[in-house]
Amino acid sequence: DRIVEFAVADNAPAVAIADTGNLFGALDFAQKAVKAGIQPIIGCELAVDFGDQDPTARNALAAGPARIVLLAARERGYRSLMRLNSRAFLETPIHQAPHIKFEWLQGDAEDLIALTGGPEGPIALAINADHAALAATRCDRLASLFGDRLYVELQRHGIDKERRAEAGLIDLAYAKGLPL
Numbered sequence: 020d021r022i023v024e025f026a027v028a029d030n031a032p033a034v035a036i037a038d039t040g041n042l043f044g045a046l047d048f049a050q051k052a053v054k055a056g057i058q059p060i061i062g063c064e065l066a067v068d069f070g071d072q073d074p075t076a077r078n079a080l081a082a083g084p085a086r087i088v089l090l091a092a093r094e095r096g097y098r099s100l101m102r103l104n105s106r107a108f109l110e111t112p113i114h115q116a117p118h119i120k121f122e123w124l125q126g127d128a129e130d131l132i133a134l135t136g137g138p139e140g141p142i143a144l145a146i147n148a149d150h151a152a153l154a155a156t157r158c159d160r161l162a163s164l165f166g167d168r169l170y171v172e173l174q175r176h177g178i179d180k181e182r183r184a185e186a187g188l189i190d191l192a193y194a195k196g197l198p199l
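Here is the structure:
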């Protein structure tokens with residue numbers, strides 16, 4: 020309710036939500052947004068296994084898959100979100116947190132918009148772990164799927180890991196011609 024109220028007060032034509040690891044809020048949110056004359060944008064923050072983690076490392080890169088935000092650009096994108104989210108729960112081994120494999124995005128990226136996930140995303144984690152080449156490789160892989168629908172996500176909440184990653188994220192975005 021509050022998200023829709025803020026959007027109406029700000030004369031926003033559209034507003035998005037991105038649940039973490041599920042789509043539980045999508046239906047209720049969409050119904051309330053439409054009722055208020057706001058275009059709902061449905062998203063999901065999903066952990067993605069790039070297949071490049073080093074299990075012997077003692078840093079955030081070894082912690083497992085990091086999350087990116089996927090937003091449905093149209094109905095087919097919403098169906099892709101549902102399919103990816105279901106696969107995360109059904110095809111992840113029981114001893115692991117639900118996540119998707121990067122390869123699963125290859126058939127489902129066309130109608131999705133991607134955000135790189137902020138300070139806990141796969142690119143910022145690599146930057147903060149002093150793995151600039153890995154950050155660039157992950158960015159290239161995402162850009163190959165999403166093209167101009169990939170946005171390098173900056174967050175400014177005054178948190179140290181945001182500040183540490185920001186310059187590297189901006190440099191990467193400019194070097195690769197990606198929007199911030």
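Basically this note's numbering = 1-based index in the sequence shown + 19. Backbone N, C-alpha and C fix where the C-beta goes; we use that ideal spot for every residue, glycine too. Because the structure is a prediction, the values reported are computed rather than measured.
Status (buried if at least 16 other CB within 10 Å, exposed otherwise) for residue i
i	result
residue 176	exposed
residue 33	exposed
residue 67	buried
residue 23	buried
residue 192	buried
residue 178	exposed
residue 86	buried
residue 138	buried
residue 20	exposed
residue 165	buried
residue 118	buried
Cross-strand partners of residue i (DSSP beta bridge)
i	result
residue 14	This structure does not reach residue 14, given that the chain is present from 20 up to 199, and the question cannot be answered.
residue 39	64
Range covered by the beta strand (DSSP E) that runs through residue i
i	result
residue 87	85–91
Endpoints, the alpha helix (DSSP H) within which residue i is located
i	result
residue 69	Neither: residue 69 is in no alpha helix (DSSP H) and is coded neither H nor E.
State whether the segment 110–121 contacts the segment 55–63, with contact taken as three or more CB pairs (one from each stretch) at a distance under 8 Å.
-> no
Which ranges does the beta strand (DSSP E) cover as unbroken runs of at least 3 residues, wholly within the segment 98–146, from first to last along the chain?
-> DSSP runs (the beta strand (DSSP E)) wholly in the segment 98–146: 131–134.
Segments assigned alpha helix (DSSP H), at least 4 residues, entirely inside the segment 139–197 | 141–147, 151–165, 179–195
Contact between the segment 116–135 and the segment 43–54 (3+ Cβ pairs under 8 Å) | no
Does the count of Cβ pairs from the segment 142–161 and the segment 182–196 closer than 8 Å reach three?
-> Yes, the segment 142–161 touches the segment 182–196.
Between the segment 140–156 and the segment 89–100, do three or more beta carbon pairs fall short of 8 Å?
-> no
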